[in-house]
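Which chain is which? The protein sequence lines are A and B, in order.
Residue numbering for the first sequence follows the working numbering, beginning at 1090 and increasing consecutively.
Residue numbering for the second sequence follows the working numbering, beginning at 781 and increasing consecutively.
Here the structure is laid out as structure tokens; the discussion comes afterwards.
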Amino acid sequence: MIQLPKCHKCKTDSLKQLNAHEAECSNCMHSFKLTIFPAVFKDGKTATVESTQVFHEGESTCFEHQSSLAVATCHDCGRFLCNLCTVKTGELIQCLECFVKTKESKNADKIVRWDQILPALSILPILIWPFTIFTAPAVLILSILKWKNPENNPLPYSHASIAIAFIFALIQVGFWGLFIVGLASGGLS
Amino acid sequence: MKKKYKKLKGFSSFAYQKLYLGEDHLLVSDGYMVEQYKRLYFADIELIALSRTSTFALINAVFGVGLVLGLILVAGFQDNPEAAWTLGIFFLGMPFLVLLINLIKGPSCMLEITTGVQQLKIRCVSRERKARSILKRTVPMISQAQGRQAPLSTEELQPRSEAPEAAT
């Protein structure tokens, strides 16, 4: 049975498949165009993986499934894993338990984009310009500290944005410098 | 460094979401400044559903009415052409521009991708024309990753989906 999405118009599970390319909501009659791929029958494949038997003595079995042949070991805990228990994250192979632990501890797929934050931090405070006395030096320091692309960032990291933010912050610091020097010299005279 | 991803769609008006095409998967990035990534591997994609939404009609209706009201307002200032021009630029120009952009972009839509474990709404793809161009590009890649030339046809789907029912 193909699991169709909810109808976003009436928010019900009333989608009825008409053929391989069309579905219709039986509640609000809203029509959907479908593209169905062979992966919908994948459940059958995993069932065969689970029932893989160990035929030869000396072969390793999965830690969780004693009847399944081990095909890999967990990168973190070293447990033997069958196809079903293997979680591939990039080139790393982990068991489900370690995968969840890694995700929770590292917040693996959440990335702070300094190449987006720094330009905003260097430009937006100009609207309330006195704040730039704090933000401009902060941008200068952060531009240097966060220049390197985070290791787990899959997307291109814009060094150009950081460089522009740095130059912009440098100009602001320059203005503040001139302002302070002017104020000091004016005050002295 | 070799570029791993090609951007398919950037931010849309109401969604901080971007869609990228990788070698063997689609990457959905959610958020601005702090991004979260979801990978949809071609081999795992079961279904892509595309349906029209009412946003296109709604924008047309709201700004169409705005345009008419603007016309009535500007017509009331016939004696004062200067004021009519100033009002006209704002009350006619803005709705006209929004209407024009909306008409050029075409009908709005919702694109949903289903894998074995999740159903993901691709909110950044909000126009049908863009969705179709993305599908035109990705469907052959998904089919190829699943060992085929094209997605499933009705004939291929029928006997398999009906088999368990017939058995019971």
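Each residue gets a CB set at the ideal place from its N, CA and C atoms; glycine is no exception.
Quick caveat: nothing in here was measured; it's all calculated off a predicted structure.
- Taking C-beta atoms as the reference points, residue 893 of chain B and residue 820 of chain B count as a pair closer than 8 Å.
- Of B:824, B:815, B:810, the smallest CA-CA separation from residue 921 of chain B is found for B:824.
- One thing to note: residue 878 of chain B has its Cβ no nearer than 8 Å to the Cβ of residue 822 of chain B.
- It is roughly 9 Å from the alpha-carbon of residue 927 of chain B to the alpha-carbon of residue 1127 of chain A.
- With respect to the C-alpha of residue 809 of chain B, the residue from B:803, B:802, B:818 having the closest C-alpha is B:818.
- For residue 833 of chain B, the secondary structure class from DSSP, reduced to helix, strand or coil, is coil.
- Here DSSP, grouped into helix, strand and coil, assigns residue 921 of chain B to helix.
- Chain B places no beta carbon closer than 8 Å to that of residue 1214 of chain A, leaving this residue out of the contacts.
- Between residue 1201 of chain A and chain B, the shortest Cβ-Cβ separation is below 8 Å.
- The C-alpha of residue 1183 of chain A lies about 13 Å from the C-alpha of residue 1159 of chain A.
- In chain order, 1116 place their CB closer than 6 Å to the CB of residue 1101 of chain A, counting only its own chain and leaving out the 5 sequence neighbours on each side.
- The way I'd put it, the region 1219 to 1238 of chain A does touch the region 1251 to 1260 of chain A; three or more beta-carbon pairs between them come closer than 8 Å.
- Interface annotation, residue 1097 of chain A: in contact with chain B, CB-CB separation under 8 Å.
- One alpha carbon belongs to residue 1241 of chain A, the other to residue 784 of chain B, and they sit about 13 Å apart.
- Under the three-state reduction of DSSP, residue 1211 of chain A is assigned to helix.
- Exposure of residue 934 of chain B is indicated by the presence of fewer than 16 other C-beta atoms within 10 angstroms of its C-beta.
- With a threshold of 8 Å between beta carbons, residue 1108 of chain A makes contact with chain B.
- By the neighbour-count definition (other C-beta atoms within 10 Å, threshold 16), residue 1203 of chain A is a buried residue.
- For residue 814 of chain B, the enclosing beta strand (DSSP E) has its first and last residue at 814 to 821.
- In the same chain as residue 798 of chain B, and ignoring 5 residues on each side of it, the C-beta atoms closer than 7 Å to its own belong to 787, 789, 790, 791, 809, 904, in chain order.
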